[in-house]
């Protein structure tokens, strides 16, 4: 057996795989010290992977890394097929198509590369993309680049700034639309951030990700990317959106408004939902038509386009619950909070045991805002005595803004001004469709 | 004008209402200093109400209290009807019906009383109930009592204990079922708490509330209560549930499992949803039939029924987000946390910037558990490198348990044992349907 048949494995781990006569691509069964059994195709390891893990691709499509010290027994149970690493050549560019910039920041969607490294260390080139989704070449002239490679849970507000600046540069260069690939975990936070940072957008800026990697039969990577690029190229939208599966049918890729979207399932392809609003538009993968919901913001001439990429991370989001310890509020004030979003219950309540800490926050010039952990609906502090108490303490209710967007908006607002009055004013001023004016509560609502 | 026509108002406020020639029940228009205009029926004030507010019942059904110092102008714009406070006599008891205990703890559902006091200071007697919902007398022999009167956002874990003890006493006395009326804000937390505290339940224990008070045309108070009492009396359930509207049709009252339910809208009647599970059963208000979903826990002989009402409030729930300050974790450890539930992103992730604080928590014998802020779905720390890192740090993923239930369970588990190993074991052991064994991830899931 040649070493290349166990590509990337070293030392003790290589010795044990050789002893078991295992080759990359073989179906291998590993029994651990604690009696767990894993069966799947043996992966090659890249230099990025943790050298102490054997990586298997399980039948359910997920990759698993098993520390070799946990390994009791390794058996080859079937000769697999060596995964093919050769890429088809990208199809030739077609002149005259709209230019679309794809900016890669990481995540499952770039998982063809993930497949080769055996870990989510995403990277994406135009050639990768074209070979994963050859039909993109018929839709747009794609310019793909890697801006950074980060699991989305590690993306920070300062990276939102970097991303907003990069997108702004691409727009100024004249692209017809921008697609940002990112991990889905915090994609809705990034989408909200870009919605505030990129104002009067002349073209669509669409975030896209995948819930299942592209080497799984049920992957949504190619279809999501196709929908995103098609809408970035052609949709009459001047707004930030999140483009993912509408449902499990594999027919519609829907664009949700960046400030109104939330990941509502850990693993489903249709995990992203528009909250308290309709989506912007959807792309029909069969007919290739774009359909609009209500009246989304349209493309416009770009002379008002402005970049406001500053975020102040001294904003805190705290979720209230029975038994909530008000000391947490005191602690974040002490830690230097410049603003606080509460995720209250129901119409926007916290217990009376929090009043002293809230009063103290307001006294320390920390503005306090109220949202609801119900997620759907609108807060209203005028219905119950608790709400009125909170208003009297100076808490500002954020209408139908979802908590995640409220937090991101507060970071952005604090990046624009340090005046408390201006912070209050900006938080309640609709900037990117994140808040709708209160209307009479109807029974159907 | 007699003073009784302005019942409950005093001092300056009484003087101004007299000047405006306003009587209780009149349609009054109030213009505030800041130009806001409120129009609605003038309420009488009770001794419980804040004496500085004029209370109007708005056309949309909500009550609003306006501080008299904010009042610029008071006009009578229509003679209203004096709300009638006379109660119909409760219908005579019918012998032979199942006995159902109704325990009132507060909230909107007792809003006939709210209507009289002009503020949510709930109180409920059997006579009140029978007059609000006369048909209850045909369903069960109702024994109603007030245990406490608390807005649900103020209910504490120690009140869960009081409530569990009271329910246990009623069950031992031989009732066929128990209904607990509570405010809806934290009803799902209470339901989870009772699910763990009342084990091997012989009869149904159903929480009920209302999203709209009983004096509004669209009120759900009577129908929710009817459904709850009917199911408490007759449903073959031995489990804690939350009984509220299934949808907006006013036909079905659905019982959600206490550990699987969540308030998902600030104001809709069908705000409560079963998460990651089917509801238990539903009551058809038209046909009066009960229909079961799958196989809920059934009534059983009560010799195994046990009360375990201790909760330790030193459990904390923290929601992660981009820019999350790990100092919050340090602060709760310092504040005396004995356990921590994280609401991570996606499959159950937090950023690498939190690793040190998590390591420190675990080192301080504070068990750390992972749930997901997506709400729906199952956490899985084996898919991505972040998850594997968190496992290595000692974080325990809680499968498909929702964050709110996980927090309540942790409070309950810490009330049973201080052994870290036992805490870990109990948290993963299914006790009240709160967690389901991991199955192969199917594409439809």
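Chains as they are written, first to last, in the working numbering: chain A, 1086 to 1530; chain B, 1086 to 1530.
Each residue gets a CB set at the ideal place from its N, CA and C atoms; glycine is no exception.
Spatial distance of residue i from residue j (CA atoms)
i	j	result
residue 1426(A)	residue 1405(B)	13 Å
residue 1280(B)	residue 1243(B)	15 Å
residue 1154(A)	residue 1139(A)	10 Å
residue 1344(A)	residue 1415(B)	31 Å
residue 1236(A)	residue 1191(A)	6 Å
residue 1337(B)	residue 1152(A)	52 Å
residue 1094(B)	residue 1230(B)	30 Å
residue 1453(B)	residue 1354(A)	29 Å
residue 1411(A)	residue 1224(A)	54 Å
residue 1334(B)	residue 1304(B)	12 Å
residue 1513(B)	residue 1507(B)	10 Å
residue 1469(A)	residue 1385(A)	44 Å
residue 1509(B)	residue 1481(B)	8 Å
residue 1282(A)	residue 1306(A)	27 Å
residue 1099(A)	residue 1091(A)	7 Å
residue 1443(B)	residue 1258(A)	44 Å
residue 1484(B)	residue 1494(B)	14 Å
residue 1143(B)	residue 1356(B)	22 Å
residue 1250(B)	residue 1240(A)	47 Å
residue 1398(B)	residue 1409(A)	8 Å
residue 1234(B)	residue 1504(B)	36 Å
residue 1245(A)	residue 1393(A)	11 Å
Own chain partners of residue i with C-beta closer than 6 Å, once the 5 adjacent residues on each side are dropped
i	result
residue 1320(A)	1289, 1366 and 1375
residue 1114(A)	1124, 1160 and 1162
residue 1228(A)	1186
residue 1265(B)	1188 and 1292
residue 1471(A)	1434
residue 1096(A)	none
Distance CB(residue i)-CB(residue j) smaller than 8 Å
i	j	result
residue 1157(B)	residue 1104(B)	no
residue 1418(B)	residue 1445(B)	yes
residue 1358(A)	residue 1342(A)	no
residue 1256(B)	residue 1396(B)	no
residue 1340(A)	residue 1323(A)	no
residue 1402(B)	residue 1499(B)	no
residue 1496(B)	residue 1420(B)	no
residue 1457(B)	residue 1432(B)	yes
residue 1292(A)	residue 1275(A)	yes
residue 1110(A)	residue 1185(A)	no
residue 1429(B)	residue 1455(B)	yes
residue 1221(A)	residue 1314(A)	yes
residue 1238(B)	residue 1271(B)	yes
residue 1464(A)	residue 1351(B)	yes
residue 1447(A)	residue 1478(A)	yes
residue 1349(B)	residue 1459(A)	yes
Close Cβ partners of residue i (< 8 Å) along its chain, the five nearest in sequence each way excluded
i	result
residue 1407(A)	1436
residue 1441(B)	1411
residue 1137(A)	1098, 1152, 1153 and 1154
residue 1308(A)	1330, 1335, 1338 and 1370
residue 1467(A)	1473 and 1476
residue 1521(A)	1361, 1362, 1484, 1485 and 1515
Close-in-space but distant-in-sequence residues of the same chain around residue i (CB under 7 Å, 5 per side omitted)
i	result
residue 1363(A)	1378 and 1379
residue 1381(A)	1322, 1324, 1365 and 1366
residue 1490(B)	1277, 1344 and 1519
residue 1541(A)	Because chain A is modelled from 1086 through 1530, residue 1541(A) falls outside the range shown and cannot be assessed.
residue 1169(B)	Reliability of the predicted coordinates at residue 1169(B) is poor, the pLDDT of 43 falling under 50, and the value obtained from them is presented with this limitation in mind. Once the five neighbours on either side are set aside, residue 1169(B) has no close Cβ partner at all.
Neighbour list for residue i in chain E, Cβ cutoff strictly below 9 Å
i	result
residue 1413(A)	Looking for chain E here will not work: the only protein chains present are A and B.
Complete beta strand (DSSP E) runs within the region 1260 to 1287 of chain A (minimum length 3 residues, chain order): 1262 to 1266
Contact set between the region 1455 to 1467 of chain B and chain A, restricted to residues whose Cβ is under 9 Å from the partner: 1457, 1458, 1459, 1460, 1461, 1462, 1463, 1464, 1465 and 1467
Interface residues of the region 1421 to 1455 of chain B facing chain A [CB-CB below 9 Å]: 1421, 1422, 1428, 1429, 1430, 1431, 1432, 1433, 1434, 1435, 1436, 1437 and 1438
Residues of the region 1231 to 1245 of chain A whose Cβ lies closer than 7 Å to any Cβ of chain B, in chain order: 1236, 1238, 1239, 1240, 1241 and 1242
Secondary structure, alpha helix (DSSP H): runs of 4+ residues fully inside the region 1400 to 1450 of chain A: 1412 to 1419 and 1440 to 1448
Members of the region 1324 to 1341 of chain B that neighbour chain A once the beta carbon cut-off is set at 9 Å: 1333
Any beta strand (DSSP E) of 3 or more consecutive residues that is wholly inside the region 1347 to 1378 of chain A: 1357 to 1359, 1366 to 1369 and 1375 to 1377
Chain A contacts from the region 1348 to 1360 of chain B (Cβ-Cβ distance under 8 Å): 1348, 1349, 1350, 1351, 1352, 1353 and 1356
Contacting positions in the region 1492 to 1512 of chain A - beta carbon closer than 7 Å to chain B: 1492 and 1496
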